[in-house]
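*Asks:*
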């Protein structure tokens, strides 16, 4: 009999629970559908059964109905029974505010805050209830009053950081982080990531710098604050100041150059070559016993190489760089450790000093060296094939490309070799064979190779409809070859002749793009921008459209000092060319310029 009674009781309890659950789901559905009268009836019944569980639903429904007298009656009764439950206390203020008595509600909220005990849990509970009610300013006010109450000006720091971040209150967010970092340097990385996500323009960074400098006046030895100042300089592209801060830290912490060496890579990637060279020179001057002496010498040559070959250069500087490479090879010998210098020297001699035979001999020596990794040999052979084009040994070039393609089949290096061979056929006017190879490469695992192959394939197919177009394309391919050889005046002459010999040809946008590339190599940024703008204005749906938009954005960002226009063009890539290979980089740069993801 007892077992029977127990089973019946259990069944009834389960049935009751199932019924309550069904009624709760129904009440919620009424509320979500805006049927507050039915929701009120349902929640009232549930509330009478379990006030604690169904209070929120019933109370909010009453507010939606504007049944303020009942809402006030319910919440005041519960608050009287549980005065430590701040949910009820805050909700009394909500009812008051809903009735248009904002001043009275404000006085009530302030009384809740000033009546707080000296108890962190109570303070946090009230602040949480204010947050739940979307009364964020009162949540902040609670934490700030709580600090004074418990006499700890750094209490609730992370709570306040979250609130300031939510409100995008940048100045107070900065101050709060600076307070935290004094005792918790490990928070620095998080702080910089968060700040970069809320800062929107130069004014934000300038305000941040002022706050940092004020703190550093009080604590000039603070490492985290100094590092944050360096970060700020980097974001604003004040690279010289960033390097100065890094050198000061390096000396103070006796890091023996590690910080400067790492910074040099960032500076080079940002094309801040002059500052990178200054930093690397600082490392070299530390002497041969320094662990960064040799790496800094190597990186110094790399920085000079990129700087001199990325725009206008004086021939004397190129000659000096050649001497620097030769001195390095004389000092450290030719080996697997210095093969990079042999390759860069060969490129310099071949494309900038008109010494292709010397470059050829240097690379032929490099590929025969022992202890060179297969991947380095493959890349060196590709460079050797390029130089054979300069010396007119086109058969040798094709042969070397073929060897690399076979040796690295189904690898990016092999696919790159196949592309260069196809490009060589294009240079020679053998368009059908070139296109057949390029069409295979359009499915390459390397996005860059696939995109280059697609572009060249489309160039051929779109400009071969008539004999006149094919003949114009042959001239254009010779201009492309001249650009490859770095014979830029010759390329310009050919490009200017195409329209004269073949008026009305289909290569207008291609010619504009080639001229833009030449002008960029000559560091003629303004004229390059003119060519690119013509493509964007008149050929927005043709082959080079997204390339033109991205290239022009890059010019405005890095050369023409117009970040607003750059941001506008990166946004154009995102919205108008979602399938572009530049989409990912455009998003990144757009966010950086907007201040979302600077780091």
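Numbering (mature numbering (1 follows the signal peptide of the UniProt record, and there is no 0)), first residue to last: -20 to -1, 1 to 579.
Every residue, glycine too, gets a C-beta built ideally from N, C-alpha and C.
None of these values were measured; they are calculated from a predicted model.
Of the choices 546, 538, 539 and 542, whose alpha-carbon is the least far from that of residue 529?
*Replies:* Residue 529 has its Cα closest to that of 546, out of 546, 538, 539 and 542.
*Asks:* Which residue from 103, 324, 61 and 54 puts its Cα closest to that of residue 75?
*Replies:* Selected option, being the one with the closest Cα: 54.
*Asks:* Residue 600 and residue 208 look like a contact to me (Cβ under 8 Å); what is the Cβ gap, rounded to whole Å?
*Replies:* Residue 600 cannot be examined here, being either before or after the span of the chain that is shown, -20 to 579.
*Asks:* At a Cβ threshold of 7 Å, is residue 70 touching chain D?
*Replies:* Here chain D cannot be found, since the structure has a single protein chain.
*Asks:* Can you look up residue 529 in the DSSP assignment and give me helix, strand or coil?
*Replies:* Residue state, collapsed to three classes: helix.
*Asks:* Quick one, are the C-beta atoms of residue 434 and residue 422 less than 7 Å apart?
*Replies:* Against a cut-off of 7 Å, the Cβ pair of residue 422 and residue 434 comes out as a contact.
*Asks:* Does the stretch 489 to 503 come into contact with the stretch 395 to 411, if we say contact requires no fewer than three beta-carbon pairs (one atom in each stretch) closer than 8 Å?
*Replies:* No: the two stretches stay apart, fewer than three of their Cβ pairs being nearer than 8 Å.
*Asks:* Helix, strand or coil for residue 542, going by three-state DSSP, please let me know.
*Replies:* If DSSP states are grouped into helix, strand and coil, residue 542 belongs with coil.
*Asks:* Near residue 515, what residues of its chain come up, given a Cβ to Cβ distance below 7 Å and the 5 sequence neighbours on each side ignored?
*Replies:* So the list reads 489, 492, 493, 524, 525 and 528, once near-sequence residues are dropped.
*Asks:* DSSP three-state call for residue 352: helix, strand or coil?
*Replies:* In this structure, residue 352 counts as coil in the three-state DSSP scheme.
*Asks:* Alpha carbon to alpha carbon, how far is residue 125 from residue 93? Give it in angstroms, no decimals.
*Replies:* Using only the alpha carbons, I get a separation of about 7 Å.
*Asks:* Cα separation between residue 122 and residue 169?
*Replies:* Approximately 28 Å between the Cα atoms of the pair.
*Asks:* How big is the Cα-Cα spacing for residue -3 and residue 35?
*Replies:* Per-residue confidence for residue -3 stands at a pLDDT of 49, beneath the threshold of 50, marking its modelled position as unreliable; no derived number is given.
*Asks:* Straight-line CA distance for residue 266 to residue 235?
*Replies:* Approximately 12 Å between the Cα atoms of the pair.
*Asks:* Just checking my contact of residue 477 with residue 455 at CB under 8 Å: how many whole Å lie between their CB atoms?
*Replies:* With 8 Å as the limit, residue 477 and residue 455 qualify as a contact, their Cβ atoms being about 7 Å apart.
*Asks:* Please name the residue in 30, 1, 32 and 38 whose C-alpha comes closest to that of residue 17.
*Replies:* Residue 17 has its Cα closest to that of 38, out of 30, 1, 32 and 38.
*Asks:* Report the start-end ranges of each beta strand (DSSP E) in the stretch 388 to 424 that is 3 residues or longer and not cut off at the edges.
*Replies:* List check, beta strand (DSSP E) in window: nothing returned.
*Asks:* For the candidate residues 279, 268, 273 and 249, whose alpha-carbon lies nearest to that of residue 257?
*Replies:* Answer by Cα proximity: 279.
*Asks:* If you pair each beta-carbon of the stretch 456 to 476 with each one of the stretch 541 to 555, do three or more pairs fall below 8 Å?
*Replies:* The answer is no - the stretch 541 to 555 does not touch the stretch 456 to 476, with fewer than three Cβ pairs under 8 Å.
*Asks:* Tell me the rounded alpha-carbon separation between residue 2 and residue 13.
*Replies:* Rounded to whole angstroms, residue 2 to residue 13 spans 17 Å at the Cα level.
*Asks:* When the distance is taken between beta carbons, is residue 253 closer than 7 Å to residue 214?
*Replies:* Contact flag unset, no.
*Asks:* Taking only three categories from DSSP, how would you classify residue 293?
*Replies:* Residue 293: coil per DSSP, three-state reduction.
*Asks:* Just mark residue 368 as buried or exposed, buried being the case when its beta carbon has 16 or more other beta carbons within 10 Å.
*Replies:* Under this definition residue 368 is a buried residue.
*Asks:* Restricting to Cα atoms, I'd like to know which of 411, 430, 372 and 363 is closest to residue 391.
*Replies:* Selected option, being the one with the closest Cα: 430.
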